[in-house]
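Per the working numbering, residue 91 is the first one in the sequence shown, and the count goes up by one each step.
Glycine included, C-beta positions come from ideal geometry on N, C-alpha and C.
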Amino acid sequence: MSSMQRLVRAHYAGPAGYSFARSAEDVAREYGIDRVARLASNENPRPPSPAAIEAATAALRAGNRYPDARATALVEALRRYHGDYRFVTGAGMDGVIETVIRTVIEPGEVVTVSTPTFSFYGLAAGAHGARVVNIPRSEDFSVDPAAFIKASRRAKLAFLCSPNNPTGNSVPPEDVEEILEAIEGLLFLDNAYIEFSDIDYRPLMRRHENLILGRTMSKAFALAGLRIGYAFVPAWLGPFYSRAATPFALNAVSLAAAAAALGDPDRMLEVCDHVRLWRERFIEEIPFHTFPSDTNFVMIDVSPLTGEEAVERLAAKGVLVRSCTSFPGLGDHYIRVSIGEDWENVRFIEAIKDL
Ligand SMILES: *Cc1c(COP(=O)(O)O)cnc(C)c1O
91 MSSMQRLVRA HYAGPAGYSF ARSAEDVARE YGIDRVARLA SNENPRPPSP AAIEAATAAL
151 RAGNRYPDAR ATALVEALRR YHGDYRFVTG AGMDGVIETV IRTVIEPGEV VTVSTPTFSF
211 YGLAAGAHGA RVVNIPRSED FSVDPAAFIK ASRRAKLAFL CSPNNPTGNS VPPEDVEEIL
271 EAIEGLLFLD NAYIEFSDID YRPLMRRHEN LILGRTMSKA FALAGLRIGY AFVPAWLGPF
331 YSRAATPFAL NAVSLAAAAA ALGDPDRMLE VCDHVRLWRE RFIEEIPFHT FPSDTNFVMI
391 DVSPLTGEEA VERLAAKGVL VRSCTSFPGL GDHYIRVSIG EDWENVRFIE AIKDL
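Now the structure itself:
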């Protein structure tokens with residue numbers, strides 16, 4: 091340990107922050123398995139669209155130039171895909187989340203988070219010096235709008251994930267609207283999995299000035315490795331977000347790939363059909379309690395096993411899944427399993443029947 095470590099902020103001196111799934115390479119080595127089923131990170135099992143690969147390759151050849159700071163081609167592709175909304179972009183939705191926090195939150199101010207959920211909202215807000223207040227969901231993981239409103243009414247920024255990671259369920263648009271009408275600050279509604287659901291929150295953007303819809307190209311659009319996120323924002327927020335954003339946060343290769351992928355939605359829709367079929371089959375065949383899902387994963391209650399035990403036993407059978415133990419506010423007996431390719435899903439079902 092170097093004495094220079096005293097320079098590190100107290101905030102980072104404690105336990106480690108974001109918890110990552112085990113790597114497939116580690117599991118393969120430890121158990122001597124050639125091909126591990128990678129069902130731990132909600133990735134798309136298929137490679138990006140050929141159009142995206144072609145556009146990214148062309149952009150790589152012009153890599154000596156800085157990227158377009160305003161992400162013009164991506165924003166135009168987003169308008170073609172979604173219609174005439176105001177968009178901002180970032181290095182993954184994670185980058186968008188950090189920039190939104192930087193834009194509106196002074197250190198010491200309250201940020202609320204509906205939990206259990208994706209941990210990065212709390213980590214990013216805490217790192218910025220915000221006071222993070224968690225609002226527990228109900229026992230069945232639904233969101234009680236009254237409880238959410240009570241805790242968030244005066245907060246400048248509130249985070250709600252729908253469909254939610256890791257529970258898989260969604261908040262009805264009417265409930266989101268009730269929240270928007272009652273709170274004084276901004277609602278960041280994380281829609282990372284929206285393409286796998288039948289819900290459309292976009293009409294709410296036309297009626298409310300305090301809604302941000304966070305989106306990512308990492309899941310349905312198969313570009314997790316390229317780090318592309320964006321958000322629908324109210325018009326007033328756009329210029330201030332740009333001031334707070336890291337210059338050139340999105341690289342030219344990612345920008346080109348994202349714009350091209352949005353122009354080739356058939357591939358994305360095909361994966362969504364595959365996911366819908368398999369998540370029904372997971373829920374039918376898994377011999378544990380499962381939760382309904384609007385996403386590309388299913389949460390499973392593996393008690394009397396703990397999540398960690400189930401992850402180890404499945405890893406020994408060549409299937410990598412995620413324990414939910416690190417999600418604040420969730421018990422220690424849940425795992426989250428992504429929908430993969432057919433062979434991965436079949437191997438997982440056999441393995442879990444065998445636990
Ligand atoms: C995967 C995920 C993200 C992060 O997306 P990136 O664009 O890869 O940063 C955001 N929110 C939720 C709920 C996620 O599961």
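7 Å CB neighbourhood of residue i in its chain, flanking five on each side removed
i	result
Ala159	Pro337 and Phe338
Glu267	Leu294
Val365	Phe286, Asn386 and Ile429
Arg357	Ser139
Asn435	Trp368 and Ile429
For residue i: DSSP bridge partner residues
i	result
Ala321	Val178 and Gly304
Ile425	Ile390 and Ser413
Thr380	Ile390
Arg452	Lying outside 91 to 445, the shown extent of the chain, residue 452 is not represented and no answer is given.
Residue span of the alpha helix (DSSP H) that contains residue i, given as start and end
i	result
Ile269	Pro263 to Ala272
Pro235	Pro235 to Ser242
Leu367	Pro355 to Glu375
Tyr121	Ala114 to Tyr121
Ser287	Where Ser287 is concerned, there is no enclosing alpha helix (DSSP H), given that its DSSP letter is neither H nor E.
Pro329	Gly328 to Ala334
Pro293	Arg292 to Arg297
Asp214	Sequence inspection shows Ala at residue 214; the Asp mentioned does not correspond to that position. Unbroken alpha helix (DSSP H) run through Ala214: Phe210 to Ala217.
Tyr102	Ala100 to Ala103
Tyr171	Thr162 to His172
Val343	Ala342 to Leu352
N-terminal and C-terminal residue of the beta strand (DSSP E) that residue i is part of
i	result
Pro138	Taken as a continuous stretch (DSSP letters only), Pro138 belongs to no beta strand (DSSP E), as it is neither H nor E.
Thr205	Val200 to Thr205
Asp432	Where Asp432 is concerned, there is no enclosing beta strand (DSSP E), although the alpha helix (DSSP H) it sits in stretches over Asp432 to Lys443.
Arg221	Arg221 to Pro226
Leu395	Here Leu395 belongs to no beta strand (DSSP E), and DSSP marks it neither H nor E.
Thr279	The sequence shown places Leu at residue 279, rather than the Thr named in the question. Unbroken beta strand (DSSP E) run through Leu279: Leu276 to Asp280.
Leu250	Leu247 to Cys251
Environment of residue i [buried if 16+ CB atoms lie within 10 Å]
i	result
Val98	exposed
Gly258	buried
Glu440	exposed
Met389	buried
Trp433	exposed
Glu370	exposed
His379	exposed
Phe372	buried
Met91	exposed
Ala312	buried
Tyr211	buried
Glu274	exposed
Lys443	exposed
Thr202	buried
Met183	buried
Ala335	buried
Ala148	exposed
Ala350	buried
Check: residue i C-beta below 7 Å from any heavy atom of ligand 1
i	result
Phe286	no
Ala282	yes
Met91	no
Cys414	no
Ser308	yes
Phe446	Here the chain has residues from 91 to 445 only, and residue 446 is not among them.
Asp290	no
Gly182	yes
Asn255	yes
Cys362	no
Asn132	yes
Ala314	yes
Gly212	no
Gly258	no
Gly153	no
Gly319	yes
Own chain partners of residue i with C-beta closer than 8 Å, once the 5 adjacent residues on each side are dropped
i	result
Ser131	Ala111, Ala314, Arg412 and Ser428
Phe231	Pro206, Asn254, Thr257, Asn259 and Phe381
Glu374	none
Glu398	Ser413, Thr415 and Asp422
Tyr331	Val178, Thr189, Val190, Thr193 and Val323
Close beta carbons around residue i, own chain, < 6 Å, minus the five adjacent residues each side
i	result
Phe322	Tyr175, Met295 and Leu303
Ser383	Gly258 and Arg369
Arg128	Ala114 and Leu410
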